[in-house]
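Peer 1: Sharing a structure below in structure tokens format, with a few things to ask.
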Amino acid sequence: MKIITQLNLFEDHEMGDLEKILTVLDGLPETNLFQCLEERRRHGRRDYSVQSYFIAYVSKFILQLETDQQLIRHLNMNSQLRQICGAGQRKIG
Numbered sequence: 001m002k003i004i005t006q007l008n009l010f011e012d013h014e015m016g017d018l019e020k021i022l023t024v025l026d027g028l029p030e031t032n033l034f035q036c037l038e039e040r041r042r043h044g045r046r047d048y049s050v051q052s053y054f055i056a057y058v059s060k061f062i063l064q065l066e067t068d069q070q071l072i073r074h075l076n077m078n079s080q081l082r083q084i085c086g087a088g089q090r091k092i093g
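With full-length UniProt numbering, letter number 80 in the sequence shown gets 80, and the count goes up by one each step, no holes.
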């Protein structure tokens, strides 16, 4: 029988969800990905930057949300999460 050790992405101490998001974002390498994506962006809403959408979807996985609707609900309820994602104080629609 194989023993599978479950590794924890975060250290043993308990971190809040927002701290986990910031830790993951801080660990990402510096690239010009967002600049390249913004330059290639042709259609669609321009309410938020590509970087804002990226951070929101990273948050979706860290918060273990299943749907985009759940992500929008979390963004509307949590002003700190909106600020991390670059949405400011206005509600997400």
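Beta carbons are placed, not taken as given, at the ideal position from N, Cα and C, and that holds for glycine.
I think G86 touches I55, with their Cβ atoms under 8 angstroms apart; what is that distance to the nearest whole Å?
Peer 2: G86 to I55, Cβ: 7 angstroms. Contact.
Peer 1: Given that a residue counts as buried once 16 or more other Cβ atoms are within 10 Å of its Cβ, and exposed if not, what is L81?
Peer 2: Buried.
Peer 1: Below 8 angstroms, how does it come out for the segment 36–46 and the segment 21–28: are there three or more Cβ pairs, yes or no?
Peer 2: no
Peer 1: Taking 6 angstroms as the limit between beta carbons, can you name the residues of its chain near L65, skipping five residues before and five after?
Peer 2: L71
Peer 1: How would you call I3, buried or exposed, if buried means at least 16 neighbouring beta carbons within 10 angstroms?
Peer 2: Looking at its Cβ environment, which holds fewer than 16 other Cβ atoms inside 10 Å, I3 is exposed.
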